[in-house]
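Using full-length UniProt numbering, the letters of the sequence shown map in sequence onto residues 1 to 179. Note that beta-carbon positions come from the ideal geometry of N, C-alpha and C, so glycine has one too.
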Amino acid sequence: KFSVDDKLSSRVAIWVGDITFLEVDAIVNAANNSLLGGGGVDGAIHRAAGSSLKAECATLHGCQTADAKITGGWCITLKYVIHTVGPRGEKPFELEKTYMSCLDLVKEHNLKSVAFPCISTGLYGYPNEPACKVVLKTIRNWLEKDDNADRVELIIFCLFLKSDIELYEQHMRKFFPCS
Ligand code: ADP
Numbered sequence: 001k002f003s004v005d006d007k008l009s010s011r012v013a014i015w016v017g018d019i020t021f022l023e024v025d026a027i028v029n030a031a032n033n034s035l036l037g038g039g040g041v042d043g044a045i046h047r048a049a050g051s052s053l054k055a056e057c058a059t060l061h062g063c064q065t066a067d068a069k070i071t072g073g074w075c076i077t078l079k080y081v082i083h084t085v086g087p088r089g090e091k092p093f094e095l096e097k098t099y100m101s102c103l104d105l106v107k108e109h110n111l112k113s114v115a116f117p118c119i120s121t122g123l124y125g126y127p128n129e130p131a132c133k134v135v136l137k138t139i140r141n142w143l144e145k146d147d148n149a150d151r152v153e154l155i156i157f158c159l160f161l162k163s164d165i166e167l168y169e170q171h172m173r174k175f176f177p178c179s
């Protein structure tokens, strides 16, 4: 059970809609190992960012599962896109590592705000509820325990499906309770 910590809980938020509309320092892309574009949120980000993003991604030589790489935002007017590759199917340890790899880049680049889509729960078939719990636990622990986490002011969970809204609202109350 997680303790009440209003200050900590105020640093996470749910937002519903297209991740490319968010004004944050970085949005996270649930990409594939090639980093050359795909469907789902990956397709939406590449469409919004334009062909320069694909050109930059082509210089990165792909990305291993649960690893992350950073690029500019190009036509999306934000600083960065963090490209990561979630696991295929229900693999909690790998999903946690995927989020942690993104957070490492957030720290390294001194970013104050970041938005995550529901990585792996689309084409990669991770069931939504178990994924939601892994994500919230990972973020709660990171905010609480990581030495440099206090520099991050806002972590947004960008939801796209109606079913995820209910799930996140329900589990946010457990992982990030408020007084
Ligand atoms: P994965 O291959 O990691 O499963 P997907 O892109 O297929 O990635 O799905 C991940 C999540 O992103 C799903 O919940 C999907 O509904 C959502 N999604 C799709 N398009 C967008 C978008 N433009 N902004 C935010 N989330 C999106």
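In chain order, what residues of the same chain have a beta carbon less than 7 Å from the beta carbon of residue i, not counting five sequence neighbours either side?
i             : result
glutamate 153 : Arg11, Lys112, Ser113
alanine 149   : Trp142, Leu143
So what's residue i in DSSP terms, helix, strand or just coil?
i                 : result
phenylalanine 21  : helix
histidine 61      : coil
alanine 115       : strand
phenylalanine 175 : helix
tyrosine 124      : coil
alanine 66        : coil
valine 81         : strand
cysteine 102      : helix
Leaving aside the five residues before and after residue i along the sequence, list all residues of the same chain whose C-beta is less than 8 Å from its C-beta, in chain order.
i             : result
asparagine 32 : Gly38, Asp42, Val85
How many Å lie between residue i and residue j at the Cα?
i              : j            : result
residue 195    : tyrosine 126 : Since the displayed the chain opens at 1 and closes at 179, residue 195 lies outside it and no answer follows.
serine 51      : leucine 36   : 10 Å
glutamate 23   : leucine 78   : 7 Å
isoleucine 155 : tyrosine 124 : 23 Å
alanine 115    : lysine 174   : 20 Å
Are there 16 or more other CB atoms within 10 angstroms of the CB of residue i, so buried, or fewer, so exposed?
i                 : result
alanine 68        : buried
valine 16         : exposed
phenylalanine 176 : buried
isoleucine 106    : First, the amino acid is wrong: residue 106 is valine here, not isoleucine. It is buried - the Cβ of valine 106 has at least 16 other Cβ atoms within 10 Å.
glycine 73        : buried
Take residue i and list the residues in its own chain whose beta-carbon comes closer than 6 Å to its own, dropping the five residues that flank it on each side.
i          : result
glycine 62 : Asn33, Ser34, Leu35
alanine 48 : Thr20, Ile76
Per DSSP, what are the beta-bridge partners of residue i in this structure?
i             : result
glycine 89    : Note: glycine 89 sits in no beta bridge, so no partner.
isoleucine 27 : Val81, Ala115
alanine 13    : Ile156
threonine 71  : Val81
Is the CB of residue i under 8 Å away from at least one CB in chain D?
i           : result
leucine 143 : Looking for chain D here will not work: only one protein chain is present.
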